[in-house]
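Those sequence lines, one after another, are chains A and B. Residue numbers for the first sequence follow our numbering, beginning at 1 and rising by one. Residue numbers for the second sequence follow our numbering, beginning at 1001 and rising by one. We put the CB at the ideal spot given by N, CA and C, even for glycine. Keep in mind it's a predicted model, so treat the numbers as computed, not measured. Below you'll find the structure, written out as structure tokens, and then a few comments.
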Amino acid sequence: MADEKMEQIEPGDPEISAAYRAAFGDLPATDWRALEARITDAARFRLAARRSAGWRTAASRWARIAIPAGLAASALLGAGLAWRADEDAVFLEDIAATAAVDDLPADVASLGGESLVYALFADGE
Amino acid sequence: MVSGTGSHASAQSGESELVRRVRQGDTEAFGELVRRYERRAFAVAYRLTRQRQDAEDLVQDAFIAALDKLDGFDAERSFGPWFFRILVNRGTSLFRARKVRVTEEIPETIGDTAASPDRLAEEAETGERVRAAIGELSERQRLVVQLYELDGFSTSEVADMLEIAEPTVRWTLHAARKRLRAELEIWKKERDHG
Chain A
1 MADEKMEQIE
11 PGDPEISAAY
21 RAAFGDLPAT
31 DWRALEARIT
41 DAARFRLAAR
51 RSAGWRTAAS
61 RWARIAIPAG
71 LAASALLGAG
81 LAWRADEDAV
91 FLEDIAATAA
101 VDDLPADVAS
111 LGGESLVYAL
121 FADGE
Chain B
1001 MVSGTGSHAS
1011 AQSGESELVR
1021 RVRQGDTEAF
1031 GELVRRYERR
1041 AFAVAYRLTR
1051 QRQDAEDLVQ
1061 DAFIAALDKL
1071 DGFDAERSFG
1081 PWFFRILVNR
1091 GTSLFRARKV
1101 RVTEEIPETI
1111 GDTAASPDRL
1121 AEEAETGERV
1131 RAAIGELSER
1141 QRLVVQLYEL
1151 DGFSTSEVAD
1161 MLEIAEPTVR
1171 WTLHAARKRL
1181 RAELEIWKKE
1191 RDHG
């Protein structure tokens, strides 16, 4: 066994190769292009499924970013609109207070925009 | 040696990229992977099945199985040994299922009609002698001999493919050669004297 371990196995011994070839034969001729086409054809649906899964993964990755960002943007927009409404309410309260001081009609606070301007002018006249 | 290592690393990185593209469903990359490995895969498959059509079926089956398992493959490693293990495992299962016996099969390439009758007779007798000489080898040991001696796989590749230790591969080759040389010597003497 020890000498067997020491032996280096060298390829290319013609006598040994010829003997093995006689026993087992060479590889038969094969149409490699046809085999390749056959294999890639068999894999077609699996590859398509992988491409599709890739799109889904990319879409879900974007969704993971886009949905929270969209929600955050919506929340900010909502908060902004609410703040704006408060500002408008404060503005109208100021007008009503000014109107009271200036002895304008009591319902001036219910007026807004252009109507308010007309009311003020009408009162001035 | 250094440049060889460099080119190996470069080929490895190219192959990693190829595997990454196949994972994404790139048909062209898959075709390239098939082109790289189909010839050697066919050699292994043919040694396992001993039939051209069965060997082609096995190669196709192994590539499809590899594609199914590709997400579990570490792309930083070489694709070849992993792929050949799949091929050998599937081929061995097929072989067992069909209960093919080496003595029942005549290789397709033996009996080339272009050779002369004397040559054919000599080859047939050599073949018989070799088969007798290595008849005690197990199926797996016979596969070791064929893959190394006939198909040009290295001892480490054969070991990796068959999931056995490399010294076991070397010992198998050595033992088979030793028996074969002894048998050929006897045959030569018989031929010279008779």
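Within-9 Å CB hit, residue i to chain A
i: I1186/B; result: no
i: T1126/B; result: yes
i: L1180/B; result: yes
i: D1074/B; result: no
i: L1150/B; result: yes
i: T1027/B; result: yes
i: I1164/B; result: no
i: D1118/B; result: no
i: Q1146/B; result: yes
i: E1056/B; result: yes
i: F1195/B; result: The structure shown does not extend to residue 1195/B, since chain B is modelled only from 1001 to 1194, so the question has no answer here.
i: I1086/B; result: no
i: H1068/B; result: Just to set this straight, residue 1068/B is Asp in the shown sequence, not His. True, the Cβ-Cβ gap to chain A drops below 9 Å.
i: V1141/B; result: Rather than Val, the amino acid found at residue 1141/B in this sequence is Gln. No, Q1141/B does not count as interfacial toward chain A.
i: V1019/B; result: no
i: F1095/B; result: no
i: F1079/B; result: no
i: R1131/B; result: yes
i: R1191/B; result: no
i: S1157/B; result: Note that residue 1157/B corresponds to Glu in the displayed sequence, not to Ser. Output row for E1157/B: interface = no.
i: R1090/B; result: no
i: E1123/B; result: yes
i: E1015/B; result: no
i: R1177/B; result: yes
Beta carbon proximity, residue i to chain B, threshold 9 Å
i: R51/A; result: yes
i: I132/A; result: No information on residue 132/A is available, as it lies outside the stretch 1 to 125 that chain A covers here.
i: A42/A; result: yes
i: A48/A; result: yes
i: E15/A; result: yes
i: R56/A; result: no
i: R38/A; result: yes
C-beta neighbour in chain E for residue i, strict 9 Å
i: R1085/B; result: Checking the listed chains, one finds no chain E in this structure; the protein chains it contains are A and B.
| query | On the three-pair Cβ rule with 8 Å, is the region 1120–1134 of chain B touching the region 1179–1191 of chain B? | reply | yes
| task | Please list the residues of the region 18–32 of chain A that have a C-beta atom closer than 9 Å to any C-beta atom in chain B, keeping them in chain order. | result | A18, A19, Y20, R21, A22, A23, F24, G25, D26, L27, P28, A29, T30 and W32
| Which residues, in chain order, does the region 1032–1054 of chain B contribute to contact with chain A at a C-beta distance below 7 Å? | V1034, R1035, E1038, R1039, F1042, A1043, Y1046 and R1052
| field | Stretch-stretch touch, CB-based, cutoff 8 Å, three pairs: the region 1046–1059 of chain B with the region 79–94 of chain A | value | no
| Taking three-plus beta-carbon pairs below 8 Å as touching, is the region 1057–1068 of chain B in contact with the region 34–43 of chain A? | yes
| Cβ pair count under 8 Å reaching 3, the region 1157–1177 of chain B against the region 1067–1084 of chain B | yes
| query | Given 8 Å as the limit, is there contact between the region 15–29 of chain A and the region 1158–1175 of chain B, that is, 3 or more CB pairs closer than that? | reply | no
| said: For a minimum of 4 consecutive residues, which ranges assigned as the alpha helix (DSSP H) are wholly contained in the region 1032–1075 of chain B? | reply: 1052–1069
| query | So, do the region 30–39 of chain A and the region 1165–1172 of chain B have three or more beta carbon pairs nearer to each other than 8 Å? | reply | no
| Near-chain B residues of the region 62–88 of chain A (beta-carbon distance less than 9 Å), N- to C-terminal order | none
| Continuous alpha helix (DSSP H) assignments of at least 4 residues falling wholly in the region 7–56 of chain A | 14–24 and 32–42
| query | Would you call the region 56–75 of chain A and the region 1035–1042 of chain B touching, i.e. three or more CB-CB distances under 8 Å? | reply | no
| request: Can you check the region 1124–1158 of chain B for any alpha helix (DSSP H) of at least 4 residues that lies completely inside it and give the ranges in chain order? | output: 1139–1145
| Three-pair Cβ contact test at 8 Å for the region 44–53 of chain A versus the region 1011–1025 of chain B | yes
| query | Which runs of the alpha helix (DSSP H) fall wholly inside the region 62–108 of chain A and span at least 4 residues, in chain order? | reply | none
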